[in-house]
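Q:
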Amino acid sequence: TCSLKGYDSMKNYKDTALLLADKAGRIMRQNFKLGMRKDWKQDNSPVTETDIAINDLVITEIRQNFPSHGILAEESSHFNGEKYVWVCDPVDGTNPFSRGYPTFTFSLALVEQGIPILGLIYDSMLDRTLIAESGKGTFLNGVQAKVCKSESLSRAAVALECNNPKLNKVRQYLFDRGCLITALACVTYSSLLVAVGEFSAIIWEGKTPWDGAAVQVIIEEAG
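Here it is, written out as structure tokens:
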């Protein structure tokens, strides 16, 4: 359970996360278009002006409201081993965002000594806010969310969000059992669909904290 001092503190953190999601969503919607300019990082992933703007927004807001907290984000960070760290992906799914299809999110988590205790995923195009607090469940726009309880892979949907050829046997295994296999090029968007029970699973081999921190607490709290 959360060891933060008092409900009011946690409420302030939750309110801050929701406010940041709202501001980030406005920037995303304003900038989303075809023919978007993008640059390429050393790992061959794209980055846009929107990624940078939202990343800067999060750092500024967190430093103003919680100066003793760290920020670990994809494009830039302000982190020096603090007990509480905000972990952010300003635009998870920059590839689809920059190519004109709307499977991208704003992702934010509050981590206490390495354990996510608050997680938020915001689908700005459909105004879907998925948020979870440790020990309090996961909620989509105020309605409690639960993962799929079916034990059958037949007709199940699984997001395979990696291109490693070592997983070809996994892909074939799922296909042979009548499973819908898809990739949305956005770990948190696929995870949102897992948390609400539409997808049965997501398979992802990454290790980046801004892709996984919010997802961890959200999926666990959704069951």
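At position 179 of the sequence shown (counting the first as 1) the number is 169 in my numbering, and the numbers step up by one without a gap.
No residue lacks a Cβ here, since even glycine has one placed at the ideal position from N, Cα and C.
As the structure is a computational prediction, the values presented were derived from the model and not from experiment.
Have a look at Val101 and Leu174 and give me their C-alpha separation to the nearest angstrom.
A: Distance between the alpha carbons of Val101 and Leu174: 26 Å.
Q: In chain order, which beta strand (DSSP E) runs of at least 3 residues are fully inside the region 92 to 138?
A: You should have 95 to 102, 105 to 113, 118 to 123 and 127 to 130.
Q: If you compare alpha carbons, which of Thr6, Glu72, Asp79 and Lys136 is closest to Ala298?
A: A question about residue 298 goes unanswered here, because the residues of the chain that appear run from -9 up to 213.
Q: Terminal residues of the continuous alpha helix (DSSP H) containing Asp201?
A: Where Asp201 is concerned, the enclosing alpha helix (DSSP H) stretches over Pro199 to Glu211.
Q: Less than 9 Å separating the beta-carbons of Gln206 and Ala99?
A: Against a cut-off of 9 Å, the Cβ pair of Ala99 and Gln206 comes out as a contact.
Q: Can you give the Cα-Cα distance for Gly168 and Glu188, rounded to whole angstroms?
A: Straight-line Cα distance between these residues: approximately 16 Å.
Q: Below 8 Å, can you find three or more Cβ-Cβ pairs linking the region 50 to 69 to the region 136 to 156?
A: No, the region 50 to 69 is not in contact with the region 136 to 156.
Q: Helix, strand or coil: which one does DSSP assign to Thr40?
A: If DSSP states are grouped into helix, strand and coil, Thr40 belongs with the helices.
Q: Near Trp30, which residues of its chain fall below 8 Å by C-beta distance, leaving aside the five closest residues on each side in sequence?
A: Excluding residues within five positions, the ones whose Cβ falls inside 8 Å are Pro36 and Val37.
Q: Could you tell me the boundaries of the alpha helix (DSSP H) in which Ala175 lies?
A: Looking at the DSSP string, Ala175 is not in any alpha helix (DSSP H), and its letter there is neither H nor E.
Q: Under the three-state reduction of DSSP, which class applies to Gly60: helix, strand or coil?
A: In this structure, Gly60 counts as strand in the three-state DSSP scheme.
Q: Can you give the Cα-Cα distance for Gly71 and Gly60, rounded to whole angstroms?
A: Approximately 7 Å between the Cα atoms of the pair.
Q: Please say whether Thr119 and Leu24 have beta carbons closer to each other than 9 Å?
A: Taking 9 Å as the Cβ cut-off, Leu24 and Thr119 do not qualify as a contacting pair.
Q: Which of helix, strand or coil does DSSP assign to Ala147?
A: Reduced to three states, the DSSP call for Ala147 is strand.
Q: Quick check on Asp33: does DSSP put it in helix, strand or coil?
A: The answer is coil: DSSP assigns Asp33 none of H, G, I, E or B.
Q: Do Phe22 and Phe96 have their CB atoms nearer than 9 Å?
A: No; because the gap between Cβ atoms is not below 9 Å, this pair is not in contact.
Q: Would you identify the three-state DSSP class for Val77, choosing helix, strand or coil?
A: Strand.
Q: Within 9 Å of any Cβ in chain B, is that where the Cβ of Thr6 sits?
A: Included in the structure is just one protein chain, with no chain B present.
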